[in-house]
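As given, the protein sequences belong to chains A and B, one line each in that order.
Those letters in the first sequence? Residues 1 to 470, by the working numbering.
Those letters in the second sequence? Residues 1001 to 1470, by the working numbering.
From the three backbone atoms N, C-alpha and C, an ideal C-beta is built for every residue, glycine too.
2 protein chains.
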Amino acid sequence: MTKTAAIVGGGVIGGGWAARFAIMGWDVRIFDPDPEAERKIAEVMSGAERALPMLYEVPLPARGQITFHDSIADAVKGARYVQESVPERLEIKHATFAEIQKTLDPEAVIGSSTSGFKPSELQAGSADPTQILVTHPFNPVYLLPLVELVPGDTHDPRAVAWATKVLTEIGMKPIQVRAEIDAHIADRFLEAVWREALWLVKDGIATTEEIDDAIRYGFGLRWAQMGLFETYRVAGGEAGMRHFMAQFGPALKWPWTKLMDVPDFTDELVDLITAQSDAQSGHMGIRDLEKLRDNNLVAILRALKGQGAAAGALLQDHDDHLRQPLEETSPLITVRRKVPVDWTDLNGHMNEGRYGQVFSDASEEVMFHVGADRAYIAAGNSYFTAENTIKYLEETHAGEDIIVETKVLLGEGKKLKLGHEMKRASDGAVLATCEQFLLHVSLETRKSCPPMPEVEAAVARLAKAHATAD
Amino acid sequence: MTKTAAIVGGGVIGGGWAARFAIMGWDVRIFDPDPEAERKIAEVMSGAERALPMLYEVPLPARGQITFHDSIADAVKGARYVQESVPERLEIKHATFAEIQKTLDPEAVIGSSTSGFKPSELQAGSADPTQILVTHPFNPVYLLPLVELVPGDTHDPRAVAWATKVLTEIGMKPIQVRAEIDAHIADRFLEAVWREALWLVKDGIATTEEIDDAIRYGFGLRWAQMGLFETYRVAGGEAGMRHFMAQFGPALKWPWTKLMDVPDFTDELVDLITAQSDAQSGHMGIRDLEKLRDNNLVAILRALKGQGAAAGALLQDHDDHLRQPLEETSPLITVRRKVPVDWTDLNGHMNEGRYGQVFSDASEEVMFHVGADRAYIAAGNSYFTAENTIKYLEETHAGEDIIVETKVLLGEGKKLKLGHEMKRASDGAVLATCEQFLLHVSLETRKSCPPMPEVEAAVARLAKAHATAD
């Protein structure tokens, strides 16, 4: 396909579009009258270049070329797709579309980033209204896939098909809105929540941070993976969506809000929602849905834990609270844990790499035990892993409890050799073994050197105890 | 601390509480008149046993004992914490509290799971109102950490402190609501969104599935990690929260909704929100906040990708769309990618285990290339990794582009030996090497066996080409 897109209007949104198109291999021609446009878009591009390719396991296409142009006529030359992100004022939008349509290829499509206007409003007065669609993205455009695609009443199905193809090609998820409406879908929710949040702050019920916490430690985690109706379908339990509505529907009449116009909860509405929810996931039983939900929540919570962010920070703290000092047994029991769902491939087997992570966690326990802990590292010393040999003996699955038994096989001067056995907790079967060579290094010189005397003594003590064991 | 909790009222919520307490080492005494209570709670417990321990890297305490009791008086015996989850009818709540308080330890606290009632309503008529608090959880209680803790006007700070301590101890995040209000905080948002969603379905704007997609491919991902105000602070860019409100505040007056009562956007309200947002994260610059946001989004999106769920399914499809067949060079270039943020520890170094994953991905490319692909595996044959030896030569960081060069060192009968070199793309520095032994196995007998002739021939061809190279 022709891979030239024009971006009319820069800023955070236009810049995000430009970055996504370019990283996905499209040439991008930009018009933005802001004298700072190049700098601003370069900043967005730099964030996008760092983050977007991280989502992929495969190489991305060769980057498209980004060029800046002094006129709309020049920018849209050769473009098969134009994304408009000018300020949210209808007269500016109309003037921009008129200028674009003077020279644009009649086969091209113009998508508007508007969050509020309906396509009929945008199209009013246009020479070719069917060329103009709403394609409303979400910030950051280079990471969030959602695009609300609103064709409106006056549309050409080929234009809708082409926009869908282009947006999918650059990794987005266009959702076609069935009828035009102010603010489309998502922003109606965002506005509703924003209004409630303003009341809560104004009335002193909660601060901005407490409100953010009430979202990101709770339903925000549910919505990231299932959205609204699917979450409630699961909440309805075995009886499903109809039961959920019977139970919670009437609560809408409670004085829970200052905003009171509520749709009548008629049989027709209940039937409509139940039928749509059945079409969405009626093929799955409640236990399957619950398992999907739990797997997704575990994976998201663990992802946040890896970043030390939001609910993940709480999990890190709770780990620290629960952690017990290592008992000096022979062998040491360095790991006791359950294999989480984010460690397995889609067949449910633990990924090869995660065996390495388990053994790395095991050696970290030894490090802390001998005194090569965070303070020791902060003082400029550490053990680095030089070589690992892992033998894979049995498959391991999500949900299994595993332990690792560790012996210090050698601990002399800067050299440390650990022998790990990973076992299934239920029957003691050995799942894998690992021989791990570590070298003590100075973090200043980045060269190997002997450990501090107290660490050396602790390592020697363990090596001696483990040599005489069984 | 005394670790006995009583659960009054089972169901999905009471069962979730029971599971969380028991898994965190508390003895749990349950009263629930439902004759099916034991079965229902066992089902919740089974889901919780599978999922909750997956969140932790450390061993959890020994499980507490769960017992069922025929009366409230018996259930609350010895309990220092009672969680009430009976139906949402005030007269049932009052009767339940009266019964609990007849025999409960005066030092104990009663938390109510109510989503709608205010503490003053719950406390009305109680012999000791200060013993009763709202502690409102979110389903699934065993995974989501949020608890809205509402003390109300009549409260004893020691009771609030004790409830906070207990909830934190079992891994939850109690957020103390500053003033009582119908539906607390989160359910006001959920109700607001539910009302809008009902309108959208009723008016034919979108189906339940399209609405769920509009959430989980878009702002749901933002809310899971930053919530509402922090997201908007970042959206405000360099000028921050005040700028965001100046830009978007007036939009509240637009005809975007059928629900029209909106707080006046006074200077006082703008000042209040700006000050709270500054207190929340004014210590961080906009670029730092953007980077945090992007890291969290990348980590969450990749977590969902691992599960093949929601926006993660889109990423899997896009990977497949972008994937190019392996060119038969010598050596093979089996991996070209960027190191994502979820592969690194908090110092930004790639985790030891992820080196193993990169090499595992590299060998999978070779497998597909020689014809040992999904269809081959589905037909009952596969290569299993028997042993990996990884030499760690240089540190690798998030955001770095890496490649892997792979040679077939040996390919004879059921034996396959691959040699991988992982290099930094920018300067070709070798970061790590891996020797990988694989065995061809029959998935039926689980024993080693020779590969199919076409796969054997392809492996032999590569081995020959790589033996004569450089």
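**OP:** Using alpha carbons as the reference points, say which of B/A1372, B/A1425 and B/V1408 lies closest to B/T1396.
**Re:** Nearest of B/A1372, B/A1425 and B/V1408 to B/T1396, Cα basis: B/A1425.
Original post:
Which chain B residues are close to A/A186, counting only those with a beta carbon under 8 angstroms from its beta carbon?
Top reply: The answer, in chain order, is A1214, I1215, G1218 and F1219.
Original post:
Looking at the structure shown, is A/K447 part of a helix, part of a strand, or coil, going by DSSP?
Top reply: Collapsing the DSSP output to three states places A/K447 in coil.
Subject >> Closest residue to A/D535 among A/I41, A/P340, A/D187 and A/D32 (Cα-Cα distance) >> reply: Here chain A has residues from 1 to 470 only, and residue 535 of chain A is not among them.
Subject >> Contact residues within the region 395-429 of chain A, judged by C-beta distance below 7 angstroms to chain B >> reply: Against chain B - using a Cβ distance shorter than 7 angstroms - the residues of the region 395-429 of chain A are G399.
Subject >> chain B within 8 angstroms of A/H349, Cβ atoms only >> reply: Cβ-Cβ to chain B under 8 angstroms: no for A/H349.
Original post:
Does the distance from the CB of A/V339 to the CB of A/I286 come in under 8 angstroms?
Top reply: For A/V339 and A/I286, no; Cβs fall outside 8 angstroms.
**OP:** Could you tell me the boundaries of the beta strand (DSSP E) in which A/A392 lies?
**Re:** This sequence places Tyr at residue 392 of chain A; Ala is not what is there. Annotation: the continuous beta strand (DSSP E) that includes A/Y392 extends over N381 to Y392.
Subject >> Cutoff 8 angstroms: B/L1322 Cβ touching any chain A Cβ >> reply: Chain A contact via Cβ: present.
**OP:** Assuming A/E405 contacts A/K423 (C-beta within less than 8 angstroms), just tell me the rounded distance between them.
**Re:** The C-beta separation of A/E405 from A/K423 comes to about 7 angstroms, placing the pair in contact by the 8 angstroms criterion.
Original post:
Is it true that the region 1291-1308 of chain B meets the region 51-60 of chain A, where meeting means three or more beta-carbon pairs spaced less than 8 angstroms apart?
Top reply: Segments in contact, yes.
**OP:** Assign A/Q280 to one of two classes, buried (16 or more other C-beta atoms within 10 Å of its C-beta) or exposed (fewer than that).
**Re:** By the neighbour-count criterion, in which a residue is buried when 16 or more other Cβ atoms sit within 10 angstroms of its Cβ, A/Q280 is buried.
Original post:
By Cβ distance below 7 angstroms, which residues in the same chain neighbour A/L315 in space, the five residues on each side in sequence not counted?
Top reply: Beyond the five residues adjoining it in sequence on each side, A/L315 comes within less than 7 angstroms, by CB distance, of L301 and K305 in the same chain, given in chain order.
Original post:
Of the residues B/T1274, B/T1266, B/A1197 and B/L1149, which one's Cα is nearest the Cα of A/D213?
Top reply: Minimum Cα distance to A/D213 is reached at B/L1149.
**OP:** Give me the Cα-Cα distance between B/A1037 and B/G1227, rounded to the nearest whole angstrom.
**Re:** For B/A1037 and B/G1227, the distance between alpha carbons rounds to 36 angstroms.
Subject >> Through-space distance from A/L462 to A/H369, alpha-carbon basis >> reply: So the two alpha carbons sit approximately 10 angstroms from each other.
**OP:** Could you tell me the boundaries of the alpha helix (DSSP H) in which B/R1089 lies?
**Re:** In the DSSP assignment, B/R1089 falls outside any alpha helix (DSSP H), carrying neither H nor E.
**OP:** For A/D342, count neighbouring Cβ atoms within 10 angstroms of its own Cβ and tell me buried if that reaches 16, exposed if not.
**Re:** So A/D342 counts as buried.
**OP:** Give the residues from the region 173-184 of chain A that approach chain B closer than 7 angstroms (Cβ to any Cβ), ordered along the chain.
**Re:** The residues in question are K173, I175, V177, R178, A179, I181, D182 and A183.
Subject >> Reduced DSSP secondary structure (H/G/I, E/B, other) of B/G1148 >> reply: A quick correction: the sequence has Glu, not Gly, at residue 1148 of chain B. Of the three classes helix, strand and coil, the one that applies to B/E1148 here is strand, per DSSP.
Original post:
Counting Cβ pairs, one atom from each stretch, are 3 or more of them under 8 angstroms apart for the region 1135-1151 of chain B and the region 1018-1028 of chain B?
Top reply: Yes, they touch.
Original post:
Exposed or buried, A/S46, counting other C-beta atoms within 10 Å across all chains shown (16 or more means buried)?
Top reply: In the assembly as shown, A/S46 is an exposed residue. Its beta-carbon has fewer than 16 other beta-carbons within 10 Å.
Original post:
In the DSSP assignment, what residue or residues form a beta bridge with B/I1402?
Top reply: In DSSP, B/I1402 forms a bridge with B/R1337 and B/R1424.
**OP:** Put B/K1407 into one of helix, strand or coil per three-state DSSP.
**Re:** B/K1407 carries a strand assignment under DSSP once its states are collapsed to helix, strand and coil.
Subject >> Opposing strand residues paired with A/K417 [DSSP bridges] >> reply: For A/K417, which the question treats as bridged, DSSP gives the partners A/L410 and A/F437.
Subject >> Collapsed DSSP secondary structure at A/R158 in the structure displayed >> reply: Residue state, collapsed to three classes: helix.
**OP:** My understanding is that A/V44 touches A/G16, with C-beta atoms under 8 angstroms, so please give their C-beta distance in whole angstroms.
**Re:** A/V44 to A/G16, Cβ: 6 angstroms. Contact.
**OP:** Just tell me which of A/I13, A/I7, A/S126 and A/A42 has its CA closest to the CA of A/A79.
**Re:** The closest CA to that of A/A79, considering only A/I13, A/I7, A/S126 and A/A42, is found on A/I7.
Original post:
So what's B/T1468 in DSSP terms, helix, strand or just coil?
Top reply: If DSSP states are grouped into helix, strand and coil, B/T1468 belongs with the helices.
Original post:
Looking at chain A, which residues of the region 1118-1150 of chain B have a Cβ within less than 8 angstroms of any of its Cβ atoms?
Top reply: Correct list: F1138, N1139, P1140, L1143, L1144, P1145, L1146 and E1148.
Subject >> A/K102 versus A/R158 - alpha carbon distance >> reply: The alpha-carbon atoms of A/K102 and A/R158 are separated by roughly 21 angstroms.
Original post:
Excluding the five sequence neighbours on either side, which residues of its own chain have a C-beta within less than 6 angstroms of the C-beta of B/P1331, listed in chain order?
Top reply: The answer, listed in chain order, is E1405, T1406 and K1407.
**OP:** Can you give me the start and stop residues for the beta strand (DSSP E) that A/H321 sits inside?
**Re:** Boundaries for A/H321: no beta strand (DSSP E) harbours it, while the alpha helix (DSSP H) harbouring it runs A311 to L322, taken from the DSSP string.
Original post:
Does any C-beta atom of chain A lie closer than 8 angstroms to the C-beta of B/P1059?
Top reply: Output row for B/P1059: interface = yes.
Original post:
Where DSSP assigns a beta bridge to A/V234, which residues make up the other side?
Top reply: The partner list for A/V234 (beta bridge, DSSP) is empty, contrary to what the question assumes.
Original post:
Touching or not, the region 1119-1138 of chain B and the region 1094-1109 of chain B, by the rule of three or more beta carbon pairs under 8 angstroms?
Top reply: A contact exists between the region 1119-1138 of chain B and the region 1094-1109 of chain B.
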